[in-house]
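Trainee: Before I ask anything, let me first share the structure, which is written out below as structure tokens.
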Amino acid sequence: MAATYSSYQKWGAHPFPELPPILPSQKHLLAIRTSALKAGEKDDILKIIDASYVTSYNRLARDRPTILVPGSSPRWAPLVHAPALKQDRGTYFRDKNASQYAPYPTEPGVRAIFTMKPDFDGQEVDVFACGNTMGSLLAFIGERDRTFRFVAERWESRCS
1 MAATYSSYQK
11 WGAHPFPELP
21 PILPSQKHLL
31 AIRTSALKAG
41 EKDDILKIID
51 ASYVTSYNRL
61 ARDRPTILVP
71 GSSPRWAPLV
81 HAPALKQDRG
91 TYFRDKNASQ
101 YAPYPTEPGV
111 RAIFTMKPDF
121 DGQEVDVFAC
131 GNTMGSLLAF
141 IGERDRTFRF
151 VAERWESRCS
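Okay, so the sequence shown: first residue is 1 according to full-length UniProt numbering, each after it adds one.
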């Protein structure tokens, strides 16, 4: 089951649908509610440090999933006349990588990294996530009401 933008018929509808049932492969699923978290000390404020740009990519409209590395923002050109927008119909994925690379949704990002930086040391990475998952995690620690699910894996050499 995929959430679609077209399922929200009017503005102001709750933007987060119920999650689909847990699959057998998700038997280790852990649910954490923001209400269960304890408020930390002022020194315990979470912040992002030592972040750096690694690479980028663009998804190309092809029959097979294809990326262009490095990526860039689309070139903006103002329209002469504002077109009337049609109502959404069909399925619109929030995470196109999950729909096109289902077994390994972060594969395009990993391939982009090693295309641009073949000697990249993956052991130095603390957190690697798609934009949707990272946004959900940031919303969670910011105590915003957002229902989400993601798969997490760890590298034994980096986690204690």
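Positions of the beta carbon are idealized from the N, C-alpha and C atoms, including for glycine.
Quick caveat, the model's predicted, so the values are computed rather than measured.
Less than 8 Å between the beta carbons of PRO108 and ASP95, yes or no?
Mentor: By 1-based counting over the sequence shown, the position of residue 108 is 108. By 1-based counting over the sequence shown, the position of residue 95 is 95. Going by C-beta atoms, PRO108 is not nearer than 8 Å to ASP95.
Trainee: Nearest to LEU60 by CA position, among PRO70, LEU30, PRO78, is which residue?
Mentor: Locating residue 60 in the sequence shown gives position 60, counting from the first residue. The shortest C-alpha separation from LEU60 is found at PRO70.
Trainee: Going by beta-carbon coordinates alone, are ALA112 and THR66 separated by less than 8 Å?
Mentor: By 1-based counting over the sequence shown, the position of residue 112 is 112. By 1-based counting over the sequence shown, the position of residue 66 is 66. Not a contact, by the Cβ cut-off of 8 Å.
Trainee: From the DSSP output, in three-state form, read off ILE67 for me.
Mentor: For the purposes of this step, residue 67 is identified with residue 67 of the sequence shown, where counting begins at 1. Strand.
Trainee: Exposed or buried, which one is MET1 when buried takes at least 16 other CB atoms within 10 Å?
Mentor: Numbered from its first residue, the sequence shown carries residue 1 at position 1. In this prediction, MET1 scores a pLDDT of 33, lower than 50, which makes its location untrustworthy; the coordinate-derived value is nonetheless stated afterwards. Its Cβ having fewer than 16 others within 10 Å, MET1 is exposed.
Trainee: On the DSSP letters alone, give me the boundaries of the alpha helix (DSSP H) that ARG111 sits inside.
Mentor: If you number the sequence shown from 1, residue 111 lands on position 111. Per DSSP, ARG111 belongs to the alpha helix (DSSP H) from 107-116.
Trainee: Consider the C-beta atom of LEU60 and the heavy atoms of the ligand GTP; say whether any pair is separated by less than 7 Å.
Mentor: The ligand GTP is not part of the structure shown, which contains no ligands of any sort.
Trainee: Have a look at CYS130, PHE128, VAL110 and flag the residue whose alpha-carbon is nearest the alpha-carbon of LEU68.
Mentor: Locating residue 68 in the sequence shown gives position 68, where the first residue counts as 1. Minimum Cα distance to LEU68 is reached at VAL110.
Trainee: Per DSSP, ASN58 is paired with what?
Mentor: Counting from 1 along the sequence shown, the entry for residue 58 is found at position 58. According to DSSP, ASN58 bridges with LEU68.
Trainee: Counting along the chain, where does the alpha helix (DSSP H) carrying GLN123 start and finish?
Mentor: Position 123 of the sequence shown, counted from the first residue, corresponds to residue 123. Taken as a continuous stretch (DSSP letters only), GLN123 belongs to no alpha helix (DSSP H), as it is neither H nor E.
Trainee: Considering only the alpha carbon of each residue, which of LEU23, TYR57, LYS47 lies closest to THR115?
Mentor: Here the question's residue 115 lines up with position 115 in the sequence shown. For the residues LEU23, TYR57, LYS47, the minimum Cα distance to THR115 belongs to TYR57.
Trainee: Once you ignore the five residues that flank PHE120 on each side, which residues in its own chain have a CB closer than 8 Å to its CB?
Mentor: In the sequence shown, residue 120 corresponds to position 120, counting from 1. Closer than 8 Å at Cβ, skipping near neighbours: VAL54, ILE113, PHE114.
Trainee: Between the beta-carbon of ALA129 and the beta-carbon of LEU137, is there less than 8 Å?
Mentor: As a position in the sequence shown, residue 129 is number 129, starting the count at 1. As a position in the sequence shown, residue 137 is number 137, starting the count at 1. Yes, Cβ-Cβ distance for ALA129 and LEU137 is below 8 Å.
Trainee: Alpha carbon to alpha carbon, how far is ALA82 from ASP63? Give it in angstroms, no decimals.
Mentor: Working through the sequence shown from its first residue, we reach residue 63 at position 63. Working through the sequence shown from its first residue, we reach residue 82 at position 82. Each residue's Cα considered, the two are about 30 Å apart.
Trainee: Going straight from the alpha carbon of GLY142 to that of GLN87, what length do you get?
Mentor: If you number the sequence shown from 1, residue 142 lands on position 142. If you number the sequence shown from 1, residue 87 lands on position 87. Roughly 33 Å separates the two Cα atoms.
Trainee: Measuring only the C-alpha atoms, how far is ILE32 from GLY90?
Mentor: To locate residue 32, count along the sequence shown from 1; it is residue 32. To locate residue 90, count along the sequence shown from 1; it is residue 90. Taking the straight line from one Cα to the other gives about 32 Å.
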